[in-house]
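Residue 540 is where the sequence shown starts when you use this note's numbering, and the numbers rise one by one after that.
Each residue gets a CB set at the ideal place from its N, CA and C atoms; glycine is no exception.
In what follows, a single structure is set out as structure tokens and then discussed.
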Amino acid sequence: MDQKIEAQIVAKVLKGDRQSYALLVEKYKSPIYNLTYRMTGNPEDAADLTQDTFIRAYLYLWRYNPRKKFFTWLYTIALSIIKNHLRKNRRYKSSEEINTIPLADNNPSPEANLVEIQEISWCLMQLDDELRALLIMKYQQELSFEEIAEITGKSLSAVKMRIYRGLEKLEELMKE
Numbered sequence: 540m541d542q543k544i545e546a547q548i549v550a551k552v553l554k555g556d557r558q559s560y561a562l563l564v565e566k567y568k569s570p571i572y573n574l575t576y577r578m579t580g581n582p583e584d585a586a587d588l589t590q591d592t593f594i595r596a597y598l599y600l601w602r603y604n605p606r607k608k609f610f611t612w613l614y615t616i617a618l619s620i621i622k623n624h625l626r627k628n629r630r631y632k633s634s635e636e637i638n639t640i641p642l643a644d645n646n647p648s649p650e651a652n653l654v655e656i657q658e659i660s661w662c663l664m665q666l667d668d669e670l671r672a673l674l675i676m677k678y679q680q681e682l683s684f685e686e687i688a689e690i691t692g693k694s695l696s697a698v699k700m701r702i703y704r705g706l707e708k709l710e711e712l713m714k715e
């Protein structure tokens with residue numbers, strides 16, 4: 540679904556065709572859930588936050604700029620909801636609650652790979668929310684630096700620097 544089709548769907552919804560919104564939900568529910576799960580480490584919270592994202596997007600659909608990508612706009616809403624949730628529910632995550640991120644299969648055994656995944660996941664959860672979100676967007680969601688800059692409202696150079704610093708901090712945590 541390209542940007543033009545998404546803009547047409549939004550226009551239909553704004554004219555009263557509520558059923559068309561389901562097409563956008565269906566297309567983006569998986570990446571939004573994935574983001575919320577990666578940021579919270581809790582499947583129930585992730586499901587609630589995903590639903591909240593789509594509800595808020597629907598309520599504020601009139602603010603969407605059709606010259607921009609719908610996904611970028613939706614992702615910005617999701618990050619805002621996640622940030623508010625994390626601020627309200629700040630608590631330590633035990634290693635059992637921590638989610639995992641996929642890694643390249645360059646380890647000698649599945650067991651070694653699992654240990655590395657768990658270690659990286661634990662270290663990711665130790666980062667502040669902003670750094671964790673940036674690293675997830677770049678390396679798990681595979682967004683470009685430009686897309687991340689648009690979503691976060693930061694300059695391209697600021698995004699690159701923050702991601703670089705996040706990787707340095709992650710590496711530092713891995714060495715501990």
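- Less than 9 Å divides the Cβ of Leu574 from the Cβ of Ile621.
- Secondary structure note for Leu706: its alpha helix (DSSP H) is the uninterrupted segment 695-714.
- Around the C-beta of Ala585, 16 or more other C-beta atoms lie within 10 Å, and the residue is accordingly described as buried.
- Assignment of Met540 by DSSP, reduced to helix, strand and coil, places it in the coil class.
- Residues Thr579, Asp584, Leu588 of the same chain have their beta carbon placed closer than 8 Å to that of His624, with the five preceding and five following residues left out of the count.
- Counted as a single uninterrupted DSSP element, the alpha helix (DSSP H) harbouring Trp612 occupies residues 609-627.
- With respect to Lys608, Glu545 sits close: the two C-beta atoms are nearer than 9 Å.
- Taking C-beta atoms as the reference points, Leu709 and Leu663 count as a pair closer than 9 Å.
- Taking Gly692 as reference, the option from Tyr603, Arg704, Trp612, Glu681 with the minimal CA-CA separation is Trp612.
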